[in-house]
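Protein chains in written order, with our numbering: chain D, 1 to 116; chain C, 1 to 114.
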Amino acid sequence: NAGVTQTPKFRILKIGQSMTLQCTQDMNHNYMYWYRQDPGMGLKLIYYSVGAGITDKGEVPNGYNVSRSTTEDFPLRLELAAPSQTSVYFCASSRPPEESREDTQYFGPGTRLTVL
Amino acid sequence: GNSVTQMEGPVTLSEEAFLTINCTYTATGYPSLFWYVQYPGEGLQLLLKATKADDKGSNKGFEATYRKETTSFHLEKGSVQVSDSAVYFCALIRTKTSYDKVIFGPGTSLSVIP
């Protein structure tokens, strides 16, 4: 299993540009998540999904959009990039809490995004 | 509200030194508590967990005990190695039915020097 994969690893955007961060998992997990990690701030949940076709906002959803057309993929879209979106973005997945003995999320390696 | 507080880093230790990283939490009910580790250039990995008071989580020589009376979950290791250099995150899940409610602390960076 590759686990959770993310592309790209690094990206520099200009203010106002758009991009999609890709996330794929091969563990057949229903739950998927997008976090951003700012220095000294821990991780903040942007959006999450409990299954294909179902998404919901997390703590900091403004400026982002997501879709979940398949179990495997959960892309994150930035429509009009702003300097405040400079961060490291992590995708994660898990089984539904009621099914998981391990109670853990599996994280991808992250995408480092800079908006100038 | 729910929150997790960790000791500020960075922490620098010599190899074989004793490690403690403090973590305290604020939460209603009975949360599950976790320590995650992030090695350079990688995502977070679960290190250990405890799901009820007085439980001790352990893995790779690391330990943490769920102390409800002091609302703490301090991470300890008796003898650190250079390979333990990483960022450590304390986290809680307030309820087992709500993975969207994972609360992470800010992380503590650990550097172990030979």
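Ideal placement from N, C-alpha and C gives every residue a C-beta, glycine not left out.
Bear in mind that the values here come from a model prediction, so they are computed numbers and not experimental data.
How many whole angstroms separate the CB atoms of residue i and residue j, which I take to be in contact at a CB cut-off of 8 angstroms?
i	j	result
Phe90 of chain D	Gln37 of chain D	6 angstroms
Ser32 of chain C	Leu75 of chain C	At roughly 15 angstroms, the Cβ-Cβ gap does not stay under 8 angstroms, so Ser32 of chain C and Leu75 of chain C are not in contact.
Val4 of chain D	Gly108 of chain D	4 angstroms
Tyr25 of chain C	Val4 of chain C	5 angstroms
Lys68 of chain C	Ala53 of chain C	4 angstroms
Asn30 of chain D	Arg95 of chain D	7 angstroms
Lys14 of chain D	Leu113 of chain D	Not a contact, Cβ separation roughly 12 angstroms.
Gly42 of chain D	Gly107 of chain C	6 angstroms
Thr70 of chain C	Lys56 of chain C	The pair is not a contact, with the Cβ atoms about 15 angstroms apart (cut-off 8 angstroms).
Taking the alpha carbon of residue i as the point to measure from, which residue in the options has its own alpha carbon closest?
i	options	result
Leu46 of chain C	C:Lys52, C:Glu63, C:Asp54 and C:Ala53	C:Glu63
Gly9 of chain C	C:Ala86, C:Phe18, C:Pro31 and C:Glu69	C:Ala86
Ala17 of chain C	C:Ser109, C:Gln81 and C:Phe104	C:Gln81
Cys23 of chain D	D:Thr7, D:Arg112 and D:Ile12	D:Thr7
Leu80 of chain D	D:Ser67, D:Gly63 and D:Lys9	D:Gly63
Gly41 of chain C	D:Ala92, D:Val115 and D:Val88	D:Val88
Tyr35 of chain D	D:Arg77, D:Val115 and D:Leu13	D:Arg77
Ser83 of chain C	C:Met7, C:Asn2 and C:Ser14	C:Ser14
Gln6 of chain C	C:Ser111, C:Ile113, C:Leu110 and C:Cys90	C:Cys90
Ile21 of chain C	C:Phe34, C:Asn2, C:Arg94 and C:Val102	C:Phe34
Gly78 of chain C	C:Val112, C:Leu19 and C:Lys56	C:Leu19
Gly29 of chain C	C:Ser109, C:Pro114, C:Arg94 and C:Val112	C:Arg94
Ser111 of chain C	C:Gln38, C:Leu48 and C:Phe73	C:Gln38
Thr20 of chain D	D:Ser93, D:Thr55 and D:Ser67	D:Ser67
Cys23 of chain C	C:Phe73, C:Tyr88, C:Tyr36 and C:Asn59	C:Phe73
Return the chain-ordered list of same chain residues with a C-beta closer than 8 angstroms to the C-beta of residue i, the five sequence neighbours on each side being excluded.
i	result
Ser69 of chain D	Ala52 and Gly53
Leu45 of chain D	Tyr33, Trp34, Tyr35, Gly58, Glu59 and Val60
Could you name the residues of the same chain whose beta carbon sits closer than 7 angstroms to that of residue i, not counting the 5 residues immediately before and after it, in chain order?
i	result
Asn28 of chain D	Thr71
Ile103 of chain C	Asn2, Ser3, Val4, Ala91 and Leu92
Lys57 of chain D	Tyr47
By the 10 Å Cβ neighbour count, where 16 or more other Cβ atoms means buried, how is residue i classified, buried or exposed?
i	result
Gly105 of chain C	buried
Ala82 of chain D	exposed
Leu44 of chain C	buried
Met32 of chain D	buried
Gly61 of chain C	exposed
Phe10 of chain D	exposed
Ile119 of chain D	In the structure displayed, chain D extends from 1 to 116; residue 119 of chain D sits before or after that span and is not available.
Gly118 of chain D	With chain D covering only 1 through 116, there is no way to say anything about residue 118 of chain D.
Ser84 of chain D	exposed
Thr118 of chain D	Outside the displayed range of chain D (1 to 116) lies residue 118 of chain D, so it cannot be described from this structure.
Thr55 of chain D	buried
Please return the same chain residues whose Cβ sits closer than 6 angstroms to the Cβ of residue i, not counting the five positions on each side in sequence.
i	result
Gln17 of chain D	Ala81
3 or more residues per run - each beta strand (DSSP E) lying fully within the segment 15–56 of chain D:
19–25, 31–38 and 42–51
Can you list the beta strand (DSSP E) stretches of 3 or more residues lying completely in the segment 27–111 of chain C, in chain order?
32–38, 44–50, 56–59, 62–65, 75–77, 86–93 and 102–104
Ordered list of beta strand (DSSP E) runs contained in the segment 66–101 of chain D, each at least 3 residues:
Every beta strand (DSSP E) of 3 residues or more that sits fully in the segment 66–101 of chain D is shown, in chain order, as 76–78 and 87–94.
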